[in-house]
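Residue numbers (my numbering), protein chains in the order written: chain H, 4 to 117; chain B, 108 to 221. Just so you know, even glycine gets a beta-carbon here, dropped at the ideal spot from N, CA and C. Since we're looking at a predicted model, the values are computed, not measured.
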Amino acid sequence: DAGVTQSPTHLIKTRGQQVTLRCSPKSGHDTVSWYQQALGQGPQFIFQYYEEEERQRGNFPDRFSGHQFPNYSSELNVNALLLGDSALYLCASSHTGPGNQPQHFGDGTRLSIL
Amino acid sequence: AQTVTQSQPEMSVQEAETVTLSCTYDTSESDYYLFWYKQPPSRQMILVIRQEAYKQQNATENRFSVNFQKAAKSFSLKISDSQLGDAAMYFCAYRRVNNNDMRFGAGTRLTVKP
């Protein structure tokens with residue numbers, strides 16, 4: 004049973020470029036959340052996708068956008084990259100249902116901006 | 108806004124001993140969820156234990172248990188019989204019911220000495 008998989012593992016970009024990160028949720032999960040984890044800090048919620056729509060968004064600018072596909076996989080797009088976007092980007096999946104559905108995390112994509 | 112505070116940037120424990128990691132949070136909600144996640148160097152966030160605020164009984168998962176003090180807004184994690192594999196960053200997290208924005212603390216780095 005595959006868990007949450009993210010690609011690529013590591014990415015290097017320069018300021019002003021655009022980047023796309025990918026996530027495949029755990030089998031049976033239909034909801035995908037994205038987090039940004041800066042060095043030495045806890046993850047910060049970017050947004051969540053369910054039924055191919057953005058269901059909730061954290062305090063991130065419009066440069067951060069996403070997409071969810073019919074197979075529940077998801078992409079995170081970041082435009083006009085800034086040095087401050089350097090971070091570990093984590094994807095988490097869960098199953099929508101009543102109660103406290105736990106989120107399962109992937110290994111993350113390390114994005115470095117030069 | 109809900110905030111999560113972990114006041115111990117680093118903690119150390121001898122193998123087979125017990126250690127307690129502290130977490131406090133700020134909220135005006137009466138019902139919510141609390142979590143402890145472990146993040147080893149492999150980067151994947153692993154759910155250690157979770158607690159629903161409406162439950163008075165403290166959650167327990169094998170060697171891991173919590174001390175949930177709702178009035179004090181405190182949620183500490185106790186690790187008994189510490190093992191070398193317990194060495195990691197530990198994050199405390201909070202989530203409101205019916206809200207997908209999970210708030211994380213800054214983390215505590217746990218070192219286990221043989």
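Of the residues N206(B), K220(B) and T215(B), the one whose Cα lies closest to the Cα of T131(B) is T215(B). With respect to chain H, the C-beta atom of M209(B) has a partner C-beta closer than 8 Å. For the stretch 27-53 of chain H, the set of residues with a beta-carbon nearer than 7 Å to any beta-carbon of chain B comprises S36, Q44, G45, P46, F48 and Q51, in chain order.
The beta carbon of S27(H) lies closer than 6 Å to those of T8 and S76 in the same chain, with the five residues before and after it left out. Neighbourhood of G61(H) in chain B, by CB distance below 7 Å: D208, in chain order. Taking C-beta atoms as the reference points, Q39(H) and F50(H) fail to come closer than 8 Å. Taking a Cβ-Cβ threshold of 7 Å, the residues of chain H close to R150(B) are L91, D110 and G111, in chain order. Non-local C-beta neighbours of L117(H) in its own chain, meaning closer than 6 Å and more than five positions away in sequence, comprise T17, ordered along the chain. Around the beta carbon of T99(H), a 10 Å sphere encloses fewer than 16 other beta carbons of the protein chains shown; the residue is thus reported as exposed. For A90(H), the closest C-alpha among the options D110(H), S97(H), Q71(H) and H32(H) is that of D110(H). Assigned with DSSP and collapsed to three states, G192(B) falls in helix.
Closer than 8 Å to the CB of P105(H) there is at least one CB belonging to chain B. Residue contact with chain B for R66(H): absent (no Cβ-Cβ distance below 8 Å to any residue of chain B). Between the alpha carbons of S68(H) and L42(H) lies a distance of about 22 Å. D88(H) sits in a helix when the DSSP states are folded into three classes. Neighbourhood of G214(B) in chain H, by CB distance below 7 Å: G45, in chain order.
R66(H) is classed as exposed because its beta carbon has fewer than 16 other beta carbons within 10 Å across all chains shown.
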